[in-house]
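A short worksheet on the structure shown next.
Protein chains in written order, with our numbering: chain A, 14 to 435; chain B, 34 to 640.
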C-alpha cells in the first residue's frame, strides 16, 4: 500500500492512498462523484464523457484522470459543477435517441440511472433526433448508433484473442460513430459477446436473443435510487387564496395515458376538487378557455398544426405551464416518425399499408383536418415550459405532488418509486 | 506501457496510406484488407484511422483532387465565385467527383495561404490569388495534359516587415552550421540553462516555457528520446511556419539537433501538415545537404556522441493533430485523438519514450539565440517576452503577409504597419484566440502583466474593461486576422463555429456535442429568431464547453464567441427580438410545407 496523503474535498479533510484515482479515493470515503465512461478495467482511464468534472486546485479537470497527492484541494459539488455535469448528460440526451420506455437496456443503463440521479427532467438543448445506422449485420450483435454515447469502453476493452479490435471509432467530430468488425466479432466467445453488451453503459450494443435475459424490474438499477425534492421555479404573487385554483389540461400528440394517470389518485381527487376548479380540459369537456388559469397541464408533444395552436393558447392563458410525460418532453413514441420522411409515413398509413384497401390512393385531407408538421416537437421547443414531469406515464402521486407543490408553495419530497417509471 | 512489435511498426502506416491515396486516388476495400493484414489490425480499426483524416478517401477522389479553403478570410475574398467557377468548369458540385473521375472538388479548413487567397490545393500543389479566368485556364490546362506542378504557384513568402538589422532574429541571412558551431563550448546542461534564461516560450500559441520542457525531458532517463517539430500549422490564419520552413529550413534542422543535443535524443521528426506538401522536397534536400556536411548524422561538428537524424512525417488533414498528444498518436499510426495526459510527452511520448514537441518558430529561435548571444537577445523585446515574434497577417489590410516584430509593439502601431483601414474586429491568435475591438487597440503585443485565465473576461463594462486591461499584454501564436466595420460579425463567428464542429475529434462530449448544439443556437441569433434568453444560454453553454472539454481544442473553441459577445454587445442586441415565452424560431409555415406539398401531389394523382 502506498503512503497516505491528506486531501481536502468540499472543505473536509480525508486521508487517502497516494496516487489513487480521485473517483475511487472519494468513493472509499463515502463521497460519490458521478461517472459514466469510467470503467475500472480500462486503464488508462478514458476521460471521454467528462461527467466527473471537478475542480482540483482551482482548475477544472476530470476526477477519473486525476491521481491524488498531498494537499490536493478538490471541489465536487459547487452549483456550477453540478450544472456542468447535468448539462453534459443533457447534451447526450439531445444528441442521441434515448427513449427509455422502448429501450432494451432500461434498468441496466448507466446513463438512465445518472439521469435519475442528477434529477434531470428534460434537456435544455434542442433534440437532434439523430438518424444514424442501426447495424444488424454482425452475427450476434446489434449496434444501435443512435444510442451510442461514444464512451470508447468497447473500443478499448473488447479484443479478440489475437489482440485485434472488434469495435472502432469511425469518422470524426459529430459524425463519429462506433462500428463493429463483423469478421472479428465472430471470433469472440459467447461470454465475450455478453461482456461487450454489459460493458456498454447504454443500449447501443445488444446481443441478439440475450436482450431480455434479465427481466425488467430485476435489473441493476431497478431497486436503488434516492428521493428528490423538486425546486420551485416560480411563485404566485399575493394570490387571493379564498378562490379555487383554476387548472386547465390538454392532450396534444399523446395517448391520454397521462390523463388516466392524473385520475389515478383514487378518492384524493375529491379533496383536490375542494381547492381546484377545472377549466378547459377533456375532464370537463370545456373546449375553450373561459377564464385565465393558474396552471396548465399539457400531455403529449406537437405533431400537427392544431397542437401548436393549442399549446400557444395554453401558454397565453396559463400562468404556469406543466408538461407531463415523455412525449411532451422529448417527443416520445410519436417522435419516432422523425426518422422517416413524412411522405413515406403518410403513404404507409393510407396507401401501401397492409390494412389499406387495394387500390387506395387518397391521403385524407380537409381544411378541418390539422396539418402534420415535418417533425414531432417536444413542447419546450415551441413555448417556454415551467415544469417538466417525466414518465410514461408519470405516477399520479408524482403529478399531484408537483401540482400541490406549486399551488400551495410547500415543499414535498418525491419518492424514488414515484418518479421511477421504467 | 509496454511497446509491442506491432505498435512500433504502425509508425509507417500514415506513409503507406499516403502512397496508396496518391497512386489510386482513394483507399479501396481490397487495400484495407491487405493493409490491415500486414499490420495485424482489424479492418474496422484501419477504417477508423483512415476516416479520421479528411485527405484520405474511401471512394475515388478524382485524378485531380481540388480543395478550396472555406475559412473566413477566403470567404471574404472570392471564395463563392471561385467555387462556382470550378463547379461550372468541371460540371459537378462541391463534394463530388466527375463521372470520368478526372476532377474531384472539396472544401477544407484553412490551408495556410491566407495572405494569397482565394487559393486552392490541387493534388496538394498550391494555386493562389485565383480569379475565375485563372480557374478556367487551370482546368483547360489540366484537361490538355499539362504538368500540374509546372502550372501551380509556389506560394510567395510575402515577408512585409522585419525590425532593424541588429534586432531581427529570424528573417536575416543564414549560414548553415553557424548555430551548431557554438555547441562546441556548450555542454547540454548549459544549453538548457541558456534556453531557460532566454525565457523562450512555445510559439505555437501555448507558451509553455521551452527550457523547462527540455529540462523535464532531459531528467527522464530512457534509452531513446525523440524530438518532434510540430509543423502542423492548422490554426486558421497562420502561415508563419510555412514561410520559415521555406526560407530557413536549415535553421529549423539546427534547432532540432540542438534540442536533441540538450535532452539526449538522437532521432528527430518533422510532422508536416499535408497542406504543406509542396515544402517536402525542399526540406528533404536540406536534410540531405546537412547529412553531407555532417550537420546531421554521427558526431555532428565533431562532437563525440552528438548524433542526430531527422525524418519527415506527413499529416493527412486534421486540425486537432496540432495538439501534441494527438500529433504523437497520429505518428504512431492511430486516430489523432488527444490523450488524457496521464503522462506528458516529456515523460512518455512517441512510442512511450520521452519526447519533445516544439513549434517550428520555437526551434528556429534557438540557433539564433546562440549565434547572437543571450545578452543581446534579452535586450530585444520586453522583459517577460524577449526577442521578436512572427505574425501571419490577413484580412482587411493593404499589406497581408509575414511580420517579424519586436515584442512590445502597441497593437495600434501594428495596425498602422499592416495598413489596416478602419479596423473594427481583430481575431487575435486565430479561431481559438480572442476577439479584439477598439478598446484593446492601445494594448501592447507582449507577455507582460498577463492575467490568470479565469479573470480575463469578467469585465462587462467597456470603460472598466479598458481601465483594467490597458496594461495587460497580448500574446499570440501568430495568427492575426483583421476585419473592417463593413464585415458582418456573425458571418465571422459562424465560420469559426463551423470550423470547430468540423475539426473536433469527437472523443469528448462537450466539444463534440456542445459545439454542434452551440452552432445551431448561433444560427438562431443570426436568423434574428433569438432573444435575451438565447444569449444567456450561449454564454452558459460556451462556458461549459470551455470548462469541461478534454483538450485545448475544446477549451478554446468558444473563446472567440465569448469575447465577441463581450466586446460587441450592440451588434448582438441589434439581432435580438423582444423577450417572449414562445420560441420565435419555430415557423408554422415551414413546418407544414412538406405536408402541403405531399397533399398537392397526392391530389394531382387522383385523376
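Even for Gly, the Cβ is constructed at its ideal location relative to N, Cα and C. In this text the structure is predicted, and so the values were computed from the model without any measurement.
Of all Cβ atoms in chain A, is any one closer than 7 Å to the Cβ of residue 509 of chain B?
no
Is there at least one Cβ from chain B nearer than 7 Å to residue 32 of chain A's Cβ?
no
Report all residues from its chain with a CB closer than 8 Å to the CB of residue 332 of chain B; omit the five preceding and five following residues, and keep chain order.
338, 339 and 340
Just verifying my parser: in three-state terms, what is the DSSP assignment at residue 288 of chain A?
helix
List, in chain order, every chain B residue whose beta-carbon is nearer than 8 Å to that of residue 196 of chain A.
75 and 76
Indicate the three-state DSSP secondary structure (helix, strand or coil) for residue 315 of chain A in the structure shown.
strand
Whole angstroms is fine: what's the gap from residue 215 of chain B's alpha carbon to residue 483 of chain B's?
34 Å
Measure the Cβ-Cβ separation of residue 94 of chain B and residue 58 of chain B and say whether it is below 7 Å.
yes
How about residue 302 of chain A and residue 257 of chain A: are their beta carbons less than 7 Å apart?
no
Can you pull the chain A neighbours of residue 397 of chain B, defined as C-beta to C-beta under 9 Å?
Those do not exist, as residue 397 of chain B stays about 31 Å from chain A at its closest Cβ, beyond 9 Å.
Should residue 427 of chain A be flagged as near chain B, meaning a C-beta pair shorter than 7 Å?
no
Can you give me the C-alpha to C-alpha distance between residue 315 of chain A and residue 357 of chain A, rounded to a whole angstrom?
19 Å
Limits of the alpha helix (DSSP H) - the one that residue 95 of chain A falls within
92-108
Alpha-carbon to alpha-carbon, residue 353 of chain A and residue 387 of chain A:
10 Å
Does residue 430 of chain B have its Cβ less than 7 Å from a Cβ in chain A?
no
Using 8 Å as the threshold, is the region 339-358 of chain B in touch with the region 254-269 of chain B, meaning 3 or more CB pairs across them?
yes
Min CB distance residue 625 of chain B to chain A below 7 Å
yes
Examine chain A for any beta-carbon lying closer than 7 Å to the beta-carbon of residue 614 of chain B, and answer yes or no.
yes
Under 7 Å (Cβ pairs) to chain B, residues found in the region 67-93 of chain A
73 and 78
Opening and closing residue of the alpha helix (DSSP H) in which residue 221 of chain B lies:
221-230
Identify the contact partners of residue 537 of chain B in chain A, using a Cβ-Cβ distance below 8 Å as the criterion.
185, 186 and 187
Is there a C-beta anywhere in chain B that falls below 7 Å from the one on residue 149 of chain A?
no
Since residue 74 of chain A is in the alpha helix (DSSP H), which residue starts that stretch and which ends it?
Residue 74 of chain A -> not in any alpha helix (DSSP H); beta strand (DSSP E) instead, spanning 72-75.
State the start and end residues of the unbroken alpha helix (DSSP H) segment that holds residue 431 of chain A.
429-432
Residue 38 of chain B burial status per 10 Å Cβ neighbour count (16 or more: buried)
Legend: pLDDT at residue 38 of chain B = 48, less than 50; position of this residue unreliable, value from coordinates given subsequently. So residue 38 of chain B counts as exposed.
For a contact meaning CB atoms closer than 8 Å, what does residue 374 of chain A contact in chain B?
635, 638 and 639
Give the residues of chain A in contact with residue 631 of chain B, contact being defined as C-beta atoms less than 8 Å apart.
355, 356, 359 and 376
Can you pull the chain B residues whose beta carbon is under 8 Å from the beta carbon of residue 104 of chain A, in chain order?
542, 543, 546, 547 and 550
Using CA coordinates, which residue listed in B/597, B/148, B/81 and B/385 is at the minimum distance from residue 276 of chain B?
B/148
Starting from residue 397 of chain B, follow the alpha helix (DSSP H) in both directions and report where the run begins and ends.
393-405
Let me confirm a value: residue 91 of chain A is counted as buried when at least 16 other C-beta atoms fall within 10 Å, else exposed. Which label applies?
exposed
Are there 16 or more other CB atoms within 10 angstroms of the CB of residue 550 of chain B, so buried, or fewer, so exposed?
buried
Any beta carbon from chain A within less than 7 Å of residue 129 of chain B's own beta carbon?
no
Roughly how many angstroms lie between the CA atoms of residue 452 of chain B and residue 431 of chain B, to the nearest whole one?
5 Å
Thinking C-alpha only, which one of A/104, A/80, A/75 and A/82 is nearest residue 94 of chain A?
A/75
Within its chain, find whatever has a CB closer than 6 Å to the CB of residue 35 of chain B; leave out the 5 residues flanking it on each side and keep chain order.
In this prediction, residue 35 of chain B scores a pLDDT of 38, lower than 50, which makes its location untrustworthy; the coordinate-derived value is nonetheless stated afterwards. For residue 35 of chain B, where only same-chain residues beyond five positions count, there are no Cβ hits under 6 Å.
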